[in-house]
Amino acid sequence: MNTSTSDTKNNESHGHPSNEPGSKTGSDHIIIPCCGQANTGQISNEVAMVLSDEGFGMYYCTALLATKPEVIISRMQGTEKIIAIDGCTIACAKKIALQAGFKVNHHVLVTDLGIEKKKGRNFTSEQVACVIDVIRKGC
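Here my numbering is used: the first residue of the sequence shown is 15, the next is one more, and so on.
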């Protein structure tokens with residue numbers, strides 16, 4: 015299966031622009047998850063993908079933001095809110111966004127929502143829904 019074709023069609027169906035360097039997001043929200051290896055980091059990643067798929071905002075790769083922020087800077091022009099979703103108090107997503115020179119308008123800490131950080135990638139759809147609800151209400 016050619017996933018790049020599938021992904022392109024999926025992005026187009028949600029009105030997302032190309033992910034080519036310099037292309038604008040066309041979105042009011044940029045979503046930056048920590049993507050940590052523990053369950054709470056994986057929740058942050060899943061939340062970002064769901065919100066992006068629903069058209070709420072545009073998911074951005076945190077590693078790219080850390081290594082090549084200039085690629086993302088032009089895409090973020092006109093963005094209303096930058097949302098950082100962190101799985102734990104280390105707050106990698108927020109710190110990386112700030113180091114790249116971006117203002118984080120909304121920061122969600124998954125462990126502050128009563129979700130315990132555990133080894134492994136197991137999490138529930140209810141936990142994902144909880145984080146999504148907090149983001150939607152706060153934005």
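Idealized CB from N, CA, C, for every residue including glycine.
Item	Value
Suppose only complete runs of 3+ residues qualify. What are the beta strand (DSSP E) ranges in the region 73-137, listed by chain order?	95-100 and 120-123
How would you call Glu94, buried or exposed, if buried means at least 16 neighbouring beta carbons within 10 angstroms?	exposed
Go through its chain and collect everything with a Cβ distance to Ile86's Cβ below 7 angstroms, but skip five positions before and after it.	Tyr74, Leu78 and Leu79
Say whether the region 54-61 touches the region 133-143, bearing in mind that this needs 3 or more beta-carbon pairs closer than 8 angstroms, one atom from each stretch.	yes
Let me confirm a value: Lys151 is counted as buried when at least 16 other C-beta atoms fall within 10 Å, else exposed. Which label applies?	exposed
How many Å lie between Glu140 and Ile44 at the Cα?	23 angstroms
What residue does the alpha helix (DSSP H) around Ala143 start on, and which one ends it?	Ser139 to Gly152
For Ile129 versus Val61, is the C-beta distance shorter than 7 angstroms?	no
Report all residues from its chain with a CB closer than 6 angstroms to the CB of Gly50; omit the five preceding and five following residues, and keep chain order.	Gly101
For the candidate residues Ile96, Ala111, Met90 and Pro83, whose alpha-carbon lies nearest to that of Asn119?	Ile96
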